[in-house]
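Participant: Going by full-length UniProt numbering, 75 is the number at position 75 of the sequence shown; the sequence numbering is gapless.
Dropping a structure here in structure tokens format, bear with me for questions.
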Amino acid sequence: MQVFIGIAYLVIGLVQLGAIAAGIEYGAGIGGILSFIIATFLTYIPLIGSFLGVYGAYHEWHWGLWQSAALFFWYVPVVILMGGLSALTSRR
Numbered sequence: 001m002q003v004f005i006g007i008a009y010l011v012i013g014l015v016q017l018g019a020i021a022a023g024i025e026y027g028a029g030i031g032g033i034l035s036f037i038i039a040t041f042l043t044y045i046p047l048i049g050s051f052l053g054v055y056g057a058y059h060e061w062h063w064g065l066w067q068s069a070a071l072f073f074w075y076v077p078v079v080i081l082m083g084g085l086s087a088l089t090s091r092r
């Protein structure tokens, strides 16, 4: 199970990096290699990287807004679900 989660985390991270690079390339109009280099740094700034990635997936990859947001904000419903399950199981 750990191997599966590790591989899934890596794949999602690479797709997110590509979307952020596409967002920088589309928004700033710079080349692909330079946008990729900038994206490697901006990936680790949570809100900036996420919003640039949603922007890139939406505009450059022509994904829907919900699909683009789900790529970067998938953890929000997961955390809510886990919190709800924890609250239900810890009741006395």
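We treat Cβ as the ideally placed atom computed from N, Cα and C, and that holds for glycine.
May I ask which residues mark the beginning and end of the alpha helix (DSSP H) holding residue 82?
Facilitator: The residue labelled residue 82 in the question sits at position 82 within the sequence shown. Segment 75-89, the alpha helix (DSSP H) holding residue 82.
Participant: State the DSSP-derived secondary structure class of residue 45, mapped to helix, strand or coil.
Facilitator: Numbered from its first residue, the sequence shown carries residue 45 at position 45. Residue 45: coil per DSSP, three-state reduction.
Participant: Is the beta carbon of residue 20 less than 7 Å from the beta carbon of residue 64?
Facilitator: For the purposes of this step, residue 20 is identified with residue 20 of the sequence shown, where counting begins at 1. For the purposes of this step, residue 64 is identified with residue 64 of the sequence shown, where counting begins at 1. Their beta carbons are not under 7 Å apart, which means residue 20 does not touch residue 64 by this criterion.
Participant: Please list the terminal residues of the continuous alpha helix (DSSP H) segment that includes residue 60.
Facilitator: Taking the sequence shown and counting its residues from 1, the one referred to as residue 60 is at position 60. Taken as a continuous stretch (DSSP letters only), residue 60 belongs to no alpha helix (DSSP H), as it is neither H nor E.
Participant: Buried or exposed for residue 75, please, with buried defined as at least 16 other CB atoms from any protein chain shown within 10 angstroms of its CB.
Facilitator: One-based indexing of the sequence shown puts residue 75 at position 75. Under this definition residue 75 is an exposed residue.
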